[in-house]
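For reference, the structure is listed below as structure tokens.
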Amino acid sequence: GESVGLHLPTLSVQEGDNSIINCAYSNSASDYFIWYKQESGKGPQFIIDIRSNMDKRQGQRVTVLLNKTVKHLSLQIAATQPGDSAVYFCAENITPPGSARQLTFGSGTQLTVLP
Amino acid sequence: NAGVTQTPKFQVLKTGQSMTLQCAQDMNHNSMYWYRQDPGMGLRLIYYSASEGTTDKGEVPNGYNVSRLNKREFSLRLESAAPSQTSVYFCASSERDSSSYEQYFGPGTRLTVT
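Protein chains in written order, with this note's numbering: chain A, 79 to 193; chain B, 1023 to 1136.
Encoded structure:
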């Protein structure tokens, strides 16, 4: 899975299979997390978010799981499609008190969907 | 709505040249951000602006300056470009008082410094 500063991990899955992308975060006080998708040559796009008072949140074909005990986040994509091929980033809220909202981003995971 | 727009899309500079990257958003957001993205790495925050009239340094501000021209526009200036500033630059905006911390990103500017 990804973490800040590592080389970009890769994940290859067969079309139709489920994908699981992992992310480790460092700050046990982080209260908010986002997953972004970045297609080649484009800016990141919001997928789903989750607050630290939740363990799981579901969207359309995507589920985010949060394990605060081990500071781990995962994104599950059901029935992966060719259009899901992209780099996926997790981001956590690091906003200092009284400051503008700030996110810190992981290095990303390259998902490739095989035909 | 166009969302977040950035100009130019591509730029090649020689070492020592200067340039300004432009960013505008039409979502009436208070907060705006500039990031750089290098190969195999996540986004790193250069500067941000919590609201019109304020700017603050992020993680990697050296070699850059910013201007929050008005609520819509936030520009990034390289006064004397260096090869280490070769990167993809993204502008983002967010609503300060929203329950979501989502940031909306532009398409990026791909800058090469030779």
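Glycine included, C-beta positions come from ideal geometry on N, C-alpha and C.
Residue i - DSSP class collapsed to helix/strand/coil
i	result
D162 (chain A)	helix
Q1107 (chain B)	helix
M1063 (chain B)	coil
L1100 (chain B)	strand
Y1057 (chain B)	strand
G129 (chain A)	Strictly speaking, residue 129 (chain A) in this sequence is Arg, with Gly absent from that position. Correct three-state label for R129 (chain A): strand.
R179 (chain A)	coil
I172 (chain A)	coil
D109 (chain A)	coil
N1092 (chain B)	coil
Cutoff 7 Å: residue i Cβ touching any chain B Cβ
i	result
Y110 (chain A)	yes
A102 (chain A)	no
R179 (chain A)	yes
G79 (chain A)	Note that G79 (chain A) has pLDDT 48, beneath the 50 cutoff, so the model's placement of it is unreliable and the number below is only indicative. So, not an interface residue.
S130 (chain A)	no
N171 (chain A)	yes
P122 (chain A)	yes
Short Cβ contact (7 Å threshold) for residue i with residue j
i	j	result
V140 (chain A)	I155 (chain A)	yes
G1128 (chain B)	V1026 (chain B)	yes
S152 (chain A)	N100 (chain A)	yes
T190 (chain A)	D95 (chain A)	no
S1115 (chain B)	Y1123 (chain B)	no
Q1059 (chain B)	V1110 (chain B)	yes
S1053 (chain B)	A1024 (chain B)	no
D109 (chain A)	S90 (chain A)	no
CB contact below 7 Å: residue i versus chain A
i	result
L1133 (chain B)	no
P1129 (chain B)	yes
Q1075 (chain B)	Strictly speaking, residue 1075 (chain B) in this sequence is Gly, with Gln absent from that position. No - not a single Cβ of chain A is within 7 Å of the one on G1075 (chain B).
A1104 (chain B)	no
E1101 (chain B)	no
A1072 (chain B)	yes
E1124 (chain B)	yes
S1089 (chain B)	no
T1029 (chain B)	no
Nearest-angstrom Cβ-Cβ length linking residue i and residue j, presumed shorter than 8 Å
i	j	result
K1091 (chain B)	L1043 (chain B)	Strictly speaking, residue 1091 (chain B) in this sequence is Leu, with Lys absent from that position. Contact flag wrong, Cβ pair sits at about 13 Å.
Worksheet entry | Segment contact flag, the region 113-121 of chain A with the region 157-171 of chain A, C-beta cutoff 8 Å, min 3 pairs | Short answer: they touch.
Discussion item. Tell me whether the region 177-188 of chain A and the region 1062-1075 of chain B touch, counting them as touching only if at least three CB pairs, one residue from each stretch, are closer than 8 Å.
Written reply: They touch, by the three-pair rule.
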